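The structure appears right after this line, and notes come after that.
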Amino acid sequence: MSIKTIDAGTLKRWMDSGEAVVVDVREPAEHAAEKIQGATLLPLATVNKTALPEAGGKKLVIHCHSGKRSMNACEKLLAEDPNLEIYNLEGGISAWGAAGHSVASSGKFFLPLDRQVQLTIGLGVLIGSLLAYFVNPLFFLLTGFFGAGLTFAGLSGFCGLAMVMAKMPWNQVSDTSATSCSVK
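Counting from 6, one number per residue, gives the positions in the sequence shown under our numbering.
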């Protein structure tokens with residue numbers, strides 16, 4: 006089967022009528038900061054068919070922040086079982102909120118993992134360039150390191166920096182922060 010995409014309105018109708026099981030493939034800290042009520046957390050790194058919640062004949066919908074990671078999760082699941090019927094929420098939780106549907110929120114600011122990676126690489130290239138210009142030309146190796154990392158990530162789909170960033174303390178969830186959500 007191919008990956009089917011649905012919009013936020015369709016998912017809302019399915020959830021209201023009890024037709025959907027929703028899986029969030031973002032990181033635990035992202036899920037704790039903001040989530041679709043009733044979604045089950047299954048971080049992208051742990052996605053596999055056996056880890057999926059029991060759908061019980063309901064439609065299985067995968068979502069993330071903007072739709073890219075959930076599409077990767079859908080591809081991973083279909084590679085494992087081509088007969089699996091899954092749906093990707095187009096635009097992710099961002100589109101869900103933009104459509105006016107309620108989002109459970111902890112009220113805390115959280116920078117999504119992909120933006121943390123972009124910020125880290127951007128600062129690394131900027132600092133490496135400034136140090137190479139003002140201190141020692143060998144600091145251009147730092148910019149080359151980040152360029153090589155981006156190239157590898159683009160070719161392979163694996164971003165080592167994202168894996169490291171996901172393990173940072175500010176991206177971890179304590180038991181108390183996961184339960185203090187309000188609906189907006």
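Even for Gly, the Cβ is constructed at its ideal location relative to N, Cα and C.
Just so you know, these numbers come straight off a predicted model, no measurement behind them.
The beta carbon of Glu95 lies closer than 6 Å to those of Thr10, Asp12 and Gly72 in the same chain, with the five residues before and after it left out. The beta-carbon separation of Gly43 and Val27, rounded to 6 Å, stays under the 8 Å limit for a contact. Ranked by Cα distance from Val108, the options Phe115, Gly129, Ser99 and Phe114 are led by Ser99. With contacts defined by Cβ atoms closer than 7 Å, Phe144 and Leu136 form a contacting pair. With respect to the 7 Å criterion, Glu32 and Asn141 are not classified as neighbours on the basis of their beta carbons. Around the C-beta of Phe115, 16 or more other C-beta atoms lie within 10 Å, and the residue is accordingly described as buried. In the three-state DSSP reduction, Leu46 falls in the strand class (E or B). Ser71 sits in coil when the DSSP states are folded into three classes, being neither helix nor strand. In the three-state reduction of the DSSP assignment, Val169 falls in the helix class. Approximately 6 Å separates the beta-carbon atoms of Ser111 and Ala37; this is inside 8 Å, confirming the contact. Taken through DSSP and simplified to helix, strand or coil, Asp29 comes out as strand. The C-alpha of Tyr138 is placed about 44 Å away from the C-alpha of Asp29. Take Leu46, set aside five residues on each side of it, and the residues of its chain with a beta-carbon closer than 7 Å to its own are Asp29, Pro33 and His36, in chain order. Note on Gly97: 16 or more other CB atoms within 10 angstroms of its CB, so buried under the neighbour-count rule. Met168 is classed as exposed because its beta carbon has fewer than 16 other beta carbons within 10 Å across all chains shown.
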